[in-house]
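S.K.: Sharing a structure, written as C-alpha coordinates. Questions coming.
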Amino acid sequence: MTTPLWCLVFVTFLPIVYAWVAGYYKNKAFGSVDNNNPRVQGALLEGAGARAVAAQSNAWEALAMFTPAVLVAHVSGAGSGSAAAYAALVFVVARLLHGVFYVADKAALRSLSFIVGLACCGYLFYLAGSR
-16 MTTPLWCLVF VTFLPIVYAW VAGYYKNKAF GSVDNNNPRV QGALLEGAGA RAVAAQSNAW
44 EALAMFTPAV LVAHVSGAGS GSAAAYAALV FVVARLLHGV FYVADKAALR SLSFIVGLAC
104 CGYLFYLAGS R
(Lines of atoms letter the chains of each structure in order from A and count residues from 1; the text may use other names and numbers.)
(Lines give C-alpha, C1' and ligand atoms only; values in the text may rest on other atoms or scores of the structure.)
Protein backbone atom coordinates (compact mmCIF):
# COMPACT_ATOMS: atom_id res chain seq x y z
CA MET A 1 0.00 0.00 0.00
CA THR A 2 1.31 3.47 -0.84
CA THR A 3 1.96 6.21 1.71
CA PRO A 4 -1.07 8.26 0.60
CA LEU A 5 -3.31 5.21 1.09
CA TRP A 6 -1.87 4.65 4.58
CA CYS A 7 -2.48 8.33 5.30
CA LEU A 8 -6.07 7.89 4.15
CA VAL A 9 -6.50 5.01 6.60
CA PHE A 10 -5.11 7.18 9.40
CA VAL A 11 -7.23 10.22 8.51
CA THR A 12 -10.35 8.04 8.47
CA PHE A 13 -9.95 7.57 12.22
CA LEU A 14 -9.41 11.26 13.09
CA PRO A 15 -13.14 12.06 13.44
CA ILE A 16 -13.46 9.20 15.90
CA VAL A 17 -10.54 10.53 17.94
CA TYR A 18 -12.21 13.94 18.05
CA ALA A 19 -15.47 12.25 19.08
CA TRP A 20 -13.60 10.75 22.04
CA VAL A 21 -12.27 14.20 22.91
CA ALA A 22 -15.81 15.57 22.74
CA GLY A 23 -16.91 12.65 24.94
CA TYR A 24 -14.37 13.72 27.54
CA TYR A 25 -15.90 17.20 27.57
CA LYS A 26 -19.45 15.79 27.70
CA ASN A 27 -18.50 13.68 30.69
CA LYS A 28 -16.80 16.65 32.33
CA ALA A 29 -19.75 19.00 31.75
CA PHE A 30 -22.68 16.64 32.31
CA GLY A 31 -21.27 13.80 34.41
CA SER A 32 -21.76 11.22 31.67
CA VAL A 33 -22.11 10.79 27.93
CA ASP A 34 -25.71 10.49 26.76
CA ASN A 35 -25.38 7.63 24.30
CA ASN A 36 -29.08 7.88 23.44
CA ASN A 37 -28.83 11.51 22.32
CA PRO A 38 -25.15 12.33 21.81
CA ARG A 39 -25.79 15.07 19.23
CA VAL A 40 -28.26 16.86 21.47
CA GLN A 41 -25.78 16.69 24.34
CA GLY A 42 -22.97 17.84 22.04
CA ALA A 43 -25.03 20.85 21.01
CA LEU A 44 -25.26 21.87 24.67
CA LEU A 45 -21.50 22.01 25.12
CA GLU A 46 -19.67 25.30 25.33
CA GLY A 47 -16.05 26.34 24.98
CA ALA A 48 -13.49 23.61 24.27
CA GLY A 49 -16.17 20.91 24.27
CA ALA A 50 -18.19 22.68 21.58
CA ARG A 51 -15.02 23.19 19.58
CA ALA A 52 -14.18 19.47 19.89
CA VAL A 53 -17.59 18.65 18.41
CA ALA A 54 -16.92 21.14 15.61
CA ALA A 55 -13.45 19.62 15.03
CA GLN A 56 -15.09 16.23 14.60
CA SER A 57 -17.55 17.59 12.05
CA ASN A 58 -14.78 19.34 10.17
CA ALA A 59 -12.66 16.17 10.18
CA TRP A 60 -15.49 14.32 8.39
CA GLU A 61 -15.69 17.15 5.85
CA ALA A 62 -11.93 17.07 5.26
CA LEU A 63 -12.08 13.32 4.76
CA ALA A 64 -14.62 13.91 1.99
CA MET A 65 -12.00 15.98 0.13
CA PHE A 66 -8.91 13.92 0.95
CA THR A 67 -10.44 10.58 -0.06
CA PRO A 68 -11.02 11.39 -3.72
CA ALA A 69 -7.72 13.26 -3.93
CA VAL A 70 -5.82 10.18 -2.76
CA LEU A 71 -7.86 7.80 -4.88
CA VAL A 72 -7.54 9.88 -8.06
CA ALA A 73 -3.78 10.16 -7.49
CA HIS A 74 -3.59 6.43 -6.89
CA VAL A 75 -5.63 5.46 -9.97
CA SER A 76 -3.62 7.83 -12.18
CA GLY A 77 -0.35 6.33 -10.98
CA ALA A 78 0.76 9.53 -9.26
CA GLY A 79 0.00 8.11 -5.81
CA SER A 80 3.14 6.00 -5.67
CA GLY A 81 5.56 8.92 -6.09
CA SER A 82 7.37 10.83 -3.39
CA ALA A 83 5.52 14.08 -4.16
CA ALA A 84 2.18 12.41 -3.44
CA ALA A 85 3.60 10.82 -0.29
CA TYR A 86 4.82 14.17 1.01
CA ALA A 87 1.51 15.85 0.18
CA ALA A 88 -0.42 13.15 2.03
CA LEU A 89 1.90 13.29 5.06
CA VAL A 90 1.67 17.08 5.22
CA PHE A 91 -2.12 16.73 5.03
CA VAL A 92 -2.08 14.36 8.01
CA VAL A 93 0.03 16.76 10.07
CA ALA A 94 -2.14 19.71 9.06
CA ARG A 95 -5.32 17.86 10.05
CA LEU A 96 -3.86 16.76 13.39
CA LEU A 97 -2.87 20.33 14.12
CA HIS A 98 -6.25 21.57 12.90
CA GLY A 99 -8.04 19.59 15.61
CA VAL A 100 -5.59 20.68 18.30
CA PHE A 101 -5.89 24.33 17.25
CA TYR A 102 -9.69 24.02 17.09
CA VAL A 103 -10.03 22.73 20.65
CA ALA A 104 -7.38 25.19 21.91
CA ASP A 105 -9.28 28.12 20.32
CA LYS A 106 -6.40 29.20 18.08
CA ALA A 107 -8.53 30.36 15.14
CA ALA A 108 -5.78 31.83 12.96
CA LEU A 109 -3.60 28.72 13.28
CA ARG A 110 -6.65 26.52 12.72
CA SER A 111 -7.44 28.38 9.50
CA LEU A 112 -3.83 28.12 8.37
CA SER A 113 -3.78 24.36 8.95
CA PHE A 114 -7.08 24.07 7.06
CA ILE A 115 -5.60 25.94 4.09
CA VAL A 116 -2.46 23.77 4.14
CA GLY A 117 -4.60 20.62 4.13
CA LEU A 118 -6.76 21.95 1.31
CA ALA A 119 -3.66 22.83 -0.70
CA CYS A 120 -2.37 19.26 -0.23
CA CYS A 121 -5.60 17.90 -1.66
CA GLY A 122 -5.36 20.28 -4.59
CA TYR A 123 -1.76 19.21 -5.15
CA LEU A 124 -2.75 15.54 -5.20
CA PHE A 125 -5.35 16.32 -7.85
CA TYR A 126 -2.73 18.29 -9.77
CA LEU A 127 -0.29 15.37 -9.64
CA ALA A 128 -2.99 13.06 -10.95
CA GLY A 129 -3.85 15.43 -13.77
CA SER A 130 -0.25 15.88 -14.82
CA ARG A 131 0.30 12.13 -15.39
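Numbering (our numbering), first residue to last: -16 to 114.
Glycine included, every Cβ here is placed at the ideal spot set by N, Cα and C.
Note that this is a predicted model, so its numbers are computed, not measured.
Judging by CA-CA distance, which residue of 39, 20, 91 and 83 is the nearest neighbour of residue 1?
M.R.: When each option's Cα is compared against that of residue 1, the closest is 39.
S.K.: Extract the residue ranges of the alpha helix (DSSP H) inside the segment 39 to 107, only unbroken runs of 4 or more that lie entirely within it.
M.R.: Fully enclosed alpha helix (DSSP H) runs of 4 or longer: 65 to 86.
S.K.: If you measure from the beta carbon of residue 87 to each beta carbon in chain B, is any gap under 8 Å?
M.R.: Although the question refers to chain B, the structure presented lacks it and comprises just one protein chain.
S.K.: Taking residue 45 as the reference, which of 99, 7 and 59 has the closest Cα?
M.R.: The option with the nearest alpha carbon to residue 45 is 99.
S.K.: How big is the Cα-Cα spacing for residue 27 and residue 52?
M.R.: C-alpha separation (whole angstroms): 35 Å.
S.K.: Between the Cα of residue 5 and those of 68, 54, -13 and 30, spot the shortest distance and give me the residue it belongs to.
M.R.: Of the candidates 68, 54, -13 and 30, the one whose C-alpha sits nearest the C-alpha of residue 5 is 30.
S.K.: Tell whether a beta-carbon distance below 8 Å holds between residue 85 and residue 37.
M.R.: Yes, Cβ-Cβ distance for residue 85 and residue 37 is below 8 Å.
S.K.: Check whether the Cβ of residue -5 lies closer than 7 Å to any heavy atom of the ligand MN, and answer yes or no.
M.R.: The ligand MN is absent from the structure shown, which contains no ligand whatsoever.
S.K.: Taking C-alpha atoms, which residue in 93, 66, 88 and 97 lies nearest to residue 113?
M.R.: Per the Cα distances, 66.
S.K.: Rounding to the nearest angstrom, what Cα-Cα distance links residue 82 and residue 93 in this structure?
M.R.: Rounded to whole angstroms, residue 82 to residue 93 spans 8 Å at the Cα level.
S.K.: Does the distance from the C-beta atom of residue -14 to that of residue 71 stay below 8 Å?
M.R.: Yes, Cβ-Cβ distance for residue -14 and residue 71 is below 8 Å.
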